[in-house]
Structure formats: structure tokens, C-alpha cells
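Enquirer:
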Amino acid sequence: MSDAERTLTLPTRWSQAASSWRDALGTLAVVARRDRFALVGIIIYVAFFAIALLSPVLAPYNPQELNYLPGGDVAANLPPSLSHPMGTTNLGRDIFSQLLYGSRAALMVGFVAALGVVILGTLVGLVAGYYGGWVDTVLMRLADVAFGVPFLPMAIVLVAFLGPNIWNVVLVMTLLLWRDTGRIIRAQVLSLRERSYIEAARVLGASHTRTMFVHIAPNVLPLSFLYGSLAIGWAILTEASISFLGFGDPNVISWGFMLQDAYNSQALARQAFHWFVPPGVCIMLAVMAGFFISRGYEELLFPRLRRR
7 MSDAERTLTL
17 PTRWSQAASS
27 WRDALGTLAV
37 VARRDRFALV
47 GIIIYVAFFA
57 IALLSPVLAP
67 YNPQELNYLP
77 GGDVAANLPP
87 SLSHPMGTTN
97 LGRDIFSQLL
107 YGSRAALMVG
117 FVAALGVVIL
127 GTLVGLVAGY
137 YGGWVDTVLM
147 RLADVAFGVP
157 FLPMAIVLVA
167 FLGPNIWNVV
177 LVMTLLLWRD
187 TGRIIRAQVL
197 SLRERSYIEA
207 ARVLGASHTR
217 TMFVHIAPNV
227 LPLSFLYGSL
237 AIGWAILTEA
247 SISFLGFGDP
257 NVISWGFMLQ
267 DAYNSQALAR
277 QAFHWFVPPG
287 VCIMLAVMAG
297 FFISRGYEEL
307 LFPRLRRR
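Start counting the sequence shown at 7; every next residue gets the next number (the numbering used here).
#1: If you drop the 5 nearest sequence neighbours on each side, which residues of the same chain put their C-beta closer than 6 Å to that of N174?
#2: Just the Cα atoms here: how many angstroms apart are M294 and R110?
#3: On the criterion of 16 or more Cβ atoms from any shown chain inside 10 Å, does L183 qualify as buried, or is it exposed?
#4: Confirm, please, whether the CB-CB distance from T187 to G116 is below 9 Å.
#5: Can at least three beta-carbon pairs, one atom from the stretch 239-258 and one from the stretch 214-226, be found at a separation below 8 Å?
#6: What whole-angstrom Cβ distance do L196 and G135 have, given they're in contact under 8 Å?
#7: For R301, I'd like the list of residues in its chain whose CB is within less than 6 Å of its CB, leaving aside the five on either flank, ordered along the chain.
#8: Is it true that the CB of L72 sits closer than 9 Å to the CB of R99?
#9: Going residue by residue through the stretch 74-100, where are the continuous alpha helix (DSSP H) segments of at least 4 residues, counting only ones entirely within it?
#10: Taking the alpha-carbon positions, what's the A54 to Y107 distance?
#11: Would you give the residue range spanned by the alpha helix (DSSP H) that T143 belongs to?
#12: Could you tell me the alpha carbon to alpha carbon distance between D255 and V46, rounded to whole angstroms?
#13: Is the distance from the Cβ of A268 to the Cβ of A120 below 9 Å?
#14: Which of the three DSSP states, helix, strand or coil, is assigned to D255?
#15: Going along the chain, which residues of its own chain have a beta-carbon closer than 6 Å to the beta-carbon of F298, five neighbours each way excluded?
#16: Just the Cα atoms here: how many angstroms apart are S213 and D142?
#17: With a CB to CB cut of under 7 Å and the five nearest residues on each side skipped, what residues in its chain are close to I259?
#18: Please state whether DSSP places Q194 in a helix, a strand or coil.
#19: Let's test the definition: count the other Cβ atoms within 10 Å of the Cβ of D150 and tell me whether it reaches 16, buried, or not, exposed.
#20: DSSP state of L72, grouped into three classes?
#21: Using C-beta distances below 6 Å, list every residue in its chain close to Y137, excluding the 5 sequence neighbours before and after it, in chain order.
#22: Between which residues of its own chain and I172 is the CB-CB distance below 6 Å, once the five residues before and five after are set aside?
#23: Could you name the residues of the same chain whose beta carbon sits closer than 6 Å to that of G239, not counting the 5 residues immediately before and after it, in chain order?
#24: Return helix, strand or coil for V41, following the three-state DSSP convention.
This is how it looks when you write it as C-alpha cells:
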């Protein structure tokens with residue numbers, strides 16, 4: 007009997023197909039249309055992406071280059087002016103140019119780390135929930151260990167051990183933040199693997215890999231996006247914290263690096279608000295945008311949370 011004939015003989019309740027990957031990816035448009043906060047979050051990220059891509063064009067100066075006055079002196083600690091819209095640092099570097107280039111490091115760390123968290127957490131959740139048994143026990147005990155580790159102190163220790171490199175920061179955050187995604191995806195898979203269409207896939211001879219990634223994974227992807235959007239904010243905030251504490255990459259201009267530079271130069275004591283307020287506001291907006299998007303996903307996945 008062919009696969010088509012066997013499909014026709016299956017009960018009607020088994021003919022219900024799972025969501026496709028295209029449907030799962032399309033949930034972002036649904037979230038943006040239904041929730042204004044999510045739309046604002048997407049607009050913020052689009053704006054930061056545009057700034058990051060156009061920073062070489064928009065930035066009037068090299069962010070790491072020293073600037074000099076006409077007399078030859080270093081243009082240090084200048085207030086905002088037409089030539090330097092946000093003033094200069096104590097070393098004569100243009101703050102506005104640093105702010106524009108800092109968006110590159112923030113978005114790269116945030117989105118790459120979030121992608122790693124989503125991929126690793128989803129894979130762990132799929133495998134643990136689908137296979138169960140000792141596989142589930144081992145993976146969930148690893149998640150328990152990850153939950154027991156204090157996040158920021160461990161991230162600082164690992165980055166200090168691996169070296170002050172921006173990719174090490176991404177690696178550390180991926181290894182420490184997958185735990186939430188893995189547990190939630192595993193709980194959802196435990197329910198989905200008992201559904202009728204999964205039983206139908208097994209009857210038709212689908213392999214375990216095909217069952218997991220074709221029939222189950224698209225149905226848990228919106229949950230992965232929910233925790234991925236949260237991970238973006240956490241990653242950007244963590245990178246800023248690590249850089250502010252002096253463990254970031256010294257060769258990369260980031261918003262956390264700007265805050266550390268301002269703190270070491272006693273910008274607050276000199277009331278140089280034009281130096282440390284803009285990067286702080288950018289970090290706040292980037293983190294808020296991630297939480298706004300996650301709020302939209304949460305209301306889509308759990309309609310009872312939606313205000314009537």
C-alpha cells in the first residue's frame with residue numbers, strides 16, 4: 007500500500023496537519039499587528055539596525071580617533087556643539103560617533119546570542135521531550151545545574167577566563183541562557199508528542215528526526231521566539247554590564263564601553279550628561295524593545311492574558 011493510500015485510510019482526526027515552518031515564522035507579523043507594544047519594539051530594532059548599517063556614513067568621525075583643536079591641542083571634554091553634537095571624551099574622541107558605532111556591537115551580541123539561545127534551548131527541549139527516559143533526565147539535570155549558577159558572576163568569570171573578546175561574550179551567554187527555553191520547549195513537546203498527527207506520522211513510517219523537526223518543531227517555534235526576544239534584551243544588558251566592569255573587548259566600541267569610559271573619567275562628577283546619558287538611553291530602549299516583542303508573543307500564545 008502506498009503512502010497516499012495509507013493516508014486515506016487514516017481516521018479523520020489524524021488528518022489534521024501540524025503548523026508549517028512558514029506559519030511559525032509568520033507569527034511575527036501577527037504579533038506586530040495585534041500588539042502595539044510589540045510593533046514599537048520592532049520599530050526600535052529596525053531603527054537601530056538602520057543606524058548600525060549606516061554608521062560609517064552617519065558618523066562624522068572615527069570613534070576611536072583622537073580629535074584636535076585648530077591650535078593643535080587635544081579636543082578633550084568639549085561640550086556639545088555643531089562640530090561635535092554630543093561633545094568629546096577626555097581623550098578627544100567624538101561621543102556621537104561612538105554612540106552610532108556602539109549600536110553594531112549591541113545588536114550583534116544581542117541577536118547572535120539570542121539565536122544561539124533559541125537553537126540550543128529548542129534542540130535540548132525537543133530531544134528531552136520527545137525521547138524522554140534517561141535522555142530527558144540527563145538534559146534536565148543539566149538545566150538544573152544551569153539554573154543554579156548565578157548568571158552575571160559566572161558570565162564575568164568565563165569571559166575573563168576565555169579572554170575579552172566579543173564572541174566569547176556571545177558564547178558564554180548562549181551556554182548560560184538556554185535553560186529557560188529548553189525547559190519550556192520540553193514541557194510543550196511532552197504534550198505534542200501524544201497528539202494524533204504525531205501518531206499518524208509514526209504509522210506512516212516517519213523517522214524520529216523527521217517527526218521532531220517537521221511535525222513538532224514548527225508548533226513550538228512561537229515559544230522559542232518568545233524566549234528568544236527576551237534573550238535579546240538580556241544579552242544586550244549583559245554585554246553592557248560586562249563591558250562596564252572592564253571585561254569587554256577593548257577593541258570594540260559598545261555602549262557599555264562608553265559608560266565605563268565615562269565612569270573612569272568622572273563624567274558624572276563633572277555633570278557631563280551628554281556623555282553617559284545617551285548610551286544609557288540606548289541600552290534601555292534596546293532592552294525594552296525585546297520585552298515589548300515578548301509581550302506580544304505572550305498574549306498571542308496565552309489569549310487569557312489579553313486585556314478585554
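Idealized CB from N, CA, C, for every residue including glycine.
Expert: Checking against the coordinates, here is how it stands:
#1: Taking the sequence shown and counting its residues from 1, the one referred to as residue 174 is at position 168. Contacts found: V165, L168.
#2: On the sequence shown, position 288 is the one that residue 294 refers to. On the sequence shown, position 104 is the one that residue 110 refers to. Cα atoms of M294 and R110: separation of roughly 17 Å, rounded to the nearest angstrom.
#3: Locating residue 183 in the sequence shown gives position 177, where the first residue counts as 1. L183 is buried by the Cβ-count criterion.
#4: Translated into positions along the sequence shown, residue 116 becomes position 110. Translated into positions along the sequence shown, residue 187 becomes position 181. Not closer than 9 Å, so no.
#5: At 8 Å Cβ cutoff, the stretches do not touch.
#6: Counting from 1 along the sequence shown, the entry for residue 196 is found at position 190. Counting from 1 along the sequence shown, the entry for residue 135 is found at position 129. Contact between L196 and G135 holds: CB atoms are separated by about 5 Å, below the 8 Å threshold.
#7: Position 295 of the sequence shown, counted from the start, is the residue given in the question as residue 301. So the list reads F43, once near-sequence residues are dropped.
#8: Counting from 1 along the sequence shown, the entry for residue 99 is found at position 93. Counting from 1 along the sequence shown, the entry for residue 72 is found at position 66. Inclusion of R99 and L72 in the CB contact set at 9 Å is warranted, their separation being smaller than that value.
#9: DSSP runs (the alpha helix (DSSP H)) wholly in the stretch 74-100: none.
#10: Mapped onto the sequence shown, residue 54 falls at position 48. Mapped onto the sequence shown, residue 107 falls at position 101. First, the amino acid is wrong: residue 54 is Phe here, not Ala. Linking F54 to Y107 through their CA atoms gives a straight-line distance of about 10 Å.
#11: Here residue 143 corresponds to residue number 137 of the sequence shown, with the count starting at 1. For T143, the enclosing alpha helix (DSSP H) has its first and last residue at 139-154.
#12: By 1-based counting over the sequence shown, the position of residue 255 is 249. By 1-based counting over the sequence shown, the position of residue 46 is 40. Near 31 Å, if we compare the C-alpha coordinates of V46 and D255.
#13: As a position in the sequence shown, residue 268 is number 262, starting the count at 1. As a position in the sequence shown, residue 120 is number 114, starting the count at 1. No; because the gap between Cβ atoms is not below 9 Å, this pair is not in contact.
#14: As a working mapping, residue 255 is identified with position 249 in the sequence shown. Correct three-state label for D255: coil.
#15: For the purposes of this step, residue 298 is taken as the residue at position 292 of the sequence shown. Answer for F298: F43, A44, V46, G47, listed in chain order.
#16: Within the sequence shown, residue 213 is the residue found at index 207, counting from 1. Within the sequence shown, residue 142 is the residue found at index 136, counting from 1. Using only the alpha carbons, I get a separation of about 19 Å.
#17: Translated into the one-based positions of the sequence shown, residue 259 becomes position 253. Excluding sequence neighbours, I259 sits near P69, Q70, Q104, Y107, G108, A111.
#18: Here the question's residue 194 lines up with position 188 in the sequence shown. Here Q194 sits in helix by DSSP.
#19: Indexing the sequence shown from 1 puts residue 150 at position 144. By the neighbour-count definition (other C-beta atoms within 10 Å, threshold 16), D150 is an exposed residue.
#20: For this step, residue 72 is matched to residue 66 along the sequence shown. DSSP places L72 in coil when its eight states are reduced to three.
#21: Taking the sequence shown and counting its residues from 1, the one referred to as residue 137 is at position 131. Non-local C-beta neighbours of Y137 in its own chain, meaning closer than 6 Å and more than five positions away in sequence, are absent.
#22: As a position in the sequence shown, residue 172 is number 166, starting the count at 1. Sequence-distant partners of I172 (beyond 5 residues in either direction) whose C-beta falls short of 6 Å from its own C-beta, in its chain, are D255, V258.
#23: As a working mapping, residue 239 is identified with position 233 in the sequence shown. Cβ neighbours of G239 within its own chain (closer than 6 Å, five residues either side excluded): V293, G296, F297.
#24: Reading the sequence shown from its first residue, position 35 is the one you call residue 41. With the sequence shown as reference, residue 41 is identified as Asp, and Val is not the correct amino acid for it. Three-state DSSP puts D41 in coil, outside helix and strand.
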